[in-house]
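Report on the structure given below.
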C-alpha cells in the first residue's frame with residue numbers, strides 16, 4: 001500500500017484549529033512549498049535589519065525572529081500600519097527532515113529557508129531478487 005507522506009501535516013492540523021487574524025499573519029506572512037527533495041519556506045520581512053534575523057531549531061520547532069525598528073523623531077502620525085519591534089513565528093516541523101542541514105538566505109525583504117528531506121525519509125526503489133534457474137525437488141527413496 002502506498003501512502004503520501006507530508007512532514008508538515010502536523011503543522012496543518014495544529015494551525016487548522018486556530019483562527020488566523022490579520023495581526024498574526026501580517027507581521028510575517030509565509031509561503032511553504034515542496035521542490036523535489038526539499039521544502040522551501042519564504043517569509044516576508046520587509047524593512048528588517050538582516051543582522052537581527054535569528055533562525056533556530058529546537059527539537060522539531062523552527063523559530064524565526066527578527067527586529068523591525070520604528071521611525072523615531074518628531075512628527076504626528078496620520079497612519080501607522082507597519083509594525084515595529086520584534087516579529088516572530090514558530091512552526092512545528094514533521095519527522096523526516098534533515099534539520100541539521102537547513103539553509104537560510106535573505107534578499108529583497110524575503111527570508112528563504114531551504115529544509116531538505118532526510119535521506120532515510122526519501123522514497124527509494126527496492127530491488128527484488130529472483131532465481132532464473134528452475135528449482136527441482138527430487139523425490140528420494
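Numbering (UniProt numbering), first residue to last: 1 to 141.
Yeah, the Cβ is synthetic: ideal placement off N, Cα and C, and Gly gets one too.
Would you report the Cα separation of residue 130 and residue 124, rounded to the nearest angstrom?
19 Å
Would you grab the beta carbon distance between residue 40 and residue 86 for me? Rounded to a whole angstrom, and I think it's under 8 Å.
About 24 Å; that fails the 8 Å criterion.
Who are the Cβ neighbours of residue 42 in its own chain at under 6 Å, not counting the five residues just before and after it?
Cβ within range, chain order: 31, 110 and 112.
Can you tell me where the beta strand (DSSP E) with residue 40 in it begins and where it stops?
38 to 44
Taking all protein chains shown into account, decide if residue 128 is buried (16 or more other Cβ within 10 angstroms of its Cβ) or exposed.
exposed
Out of 96, 104 and 115, which has the shortest C-alpha to C-alpha gap to residue 122?
96
By how many angstroms is the C-alpha of residue 88 removed from the C-alpha of residue 53?
The C-alpha of residue 88 is placed about 10 Å away from the C-alpha of residue 53.
Three-state secondary structure (DSSP) of residue 84:
coil
DSSP has residue 34 in a bridge; who is on the other side?
39
Report the option in 116, 28 and 50 whose CA atom is closest to the CA atom of residue 100.
116
Can you tell me which of the three DSSP states residue 23 falls into?
Note that residue 23 scores a pLDDT of 43, beneath 50, so its modelled location is shaky; the value from the coordinates is reported in the next line. Residue 23 falls in the helix class under three-state DSSP.
In three-state DSSP terms, what is residue 132?
coil
Secondary structure at residue 116, three-state DSSP: helix, strand or coil?
strand
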